[in-house]
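Each residue of the sequence shown is one higher than the one before, counting from 118 in this note's numbering. The next block holds one structure in the form of structure tokens; read it before the comments.
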Amino acid sequence: MRFGYALGLIVTLLSACASSTTDSDDIREMAFAFPTRLDVCAGMRVSNQPRDRYSQFAQITDRVALARAPVETGCLSSGFGKRRSGFHKGIDLHHRTAVDIYAAGNGVVMEVTKHRDYGRTILISHGDDVFTRYAHIEWIPPRIQPGYQVSLGEPIATTGHTGNARARHLHYEILFGDYNNPAKSFGLTPIDVLAAPPAN
């Protein structure tokens with residue numbers, strides 16, 4: 118089972134000094150054709166399974182649109198929301214070998230950390246109090262450090278199984294709120310990226 122890909126323009130990556138927000142012009146100039154179909158991994162039962170077809174980008178705020186599945190290839194191993202082990206704050210995208218993870222939109226790296234449960238993680242701010250978290254990462258290139266400006270579709274890491282992960286996958290979260298709270302990124306509100314409206 119794998120993603121189906123829409124035909125996309127192959128162009129040069131946006132300049133790293135681009136605005137942190139991602140709008141429709143940026144989406145048209147993306148360097149990577151993000152997937153438009155999401156299949157549940159073979160042999161898995163996902164209680165919170167979303168529909169299998171959706172637009173490539175979700176409109177999170179008026180100024181911020183983000184990719185729904187920012188990976189090279191894979192399948193859905195867990196959706197957003199309630200599950201037997203508790204509330205799942207993102208979606209899990211699995212592939213048995215390491216694949217590239219891409220920036221879901223223009224932004225600024227806020228955190229590059231190692232967490233007991235999440236393993237190696239990257240947190241990116243996209244403006245308008247919108248953030249993305251990428252967890253269980255195997256490899257992060259040296260340039261990805263706090264303060265680095267990423268562009269939509271830029272490779273930022275590879276999938277892994279660091280932290281509390283039984284199999285290789287990307288745990289992907291979209292978060293909203295004021296980062297300047299005592300819990301920092303863990304005090305933000307998670308958003309279901311697969312239920313968000315399509316980008317304008």
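All C-beta atoms, glycine included, are put in the ideal place defined by N, C-alpha and C.
So, helix, strand or coil for residue i, using DSSP?
i, result
"residue 174", "strand"
"residue 268", "coil"
"residue 160", "coil"
"residue 277", "strand"
"residue 196", "coil"
"residue 303", "helix"
"residue 310", "coil"
"residue 207", "coil"
"residue 148", "Here the model assigns residue 148 a pLDDT of 49, short of 50, so the residue's position is not dependable and the matter cannot be decided."
So, is residue i buried or exposed, given that buried needs 16 or more other C-beta atoms within 10 angstroms?
i, result
"residue 238", "buried"
"residue 212", "buried"
"residue 263", "exposed"
"residue 206", "buried"
"residue 316", "buried"
"residue 144", "The pLDDT assigned to residue 144 is 49, lower than 50, so where the model puts this residue is not dependable; a value taken from the coordinates is nonetheless given after this. Its Cβ being crowded by 16 or more others within 10 Å, residue 144 is buried."
"residue 236", "buried"
Considering only the alpha carbon of each residue, which of the options lies closest to residue i?
i, options, result
"residue 197", "284, 242 and 208", "208"
"residue 314", "185, 266 and 229", "185"
"residue 284", "303, 243, 193 and 291", "193"
"residue 308", "258, 151 and 250", "250"
"residue 230", "195, 219 and 279", "279"
"residue 243", "304, 220, 254 and 233", "220"
"residue 310", "256, 153, 156 and 177", "177"
On the DSSP bridge list, what partners appear for residue i?
i, result
"residue 229", "239"
"residue 290", "250"
"residue 217", "275"
Flag residue i as yes when its Cβ comes closer than 7 Å to any non-hydrogen atom of the ligand PLP, and as no otherwise.
i, result
"residue 305", "Looking for the ligand PLP in the displayed structure turns up nothing, as the structure carries no ligands at all."
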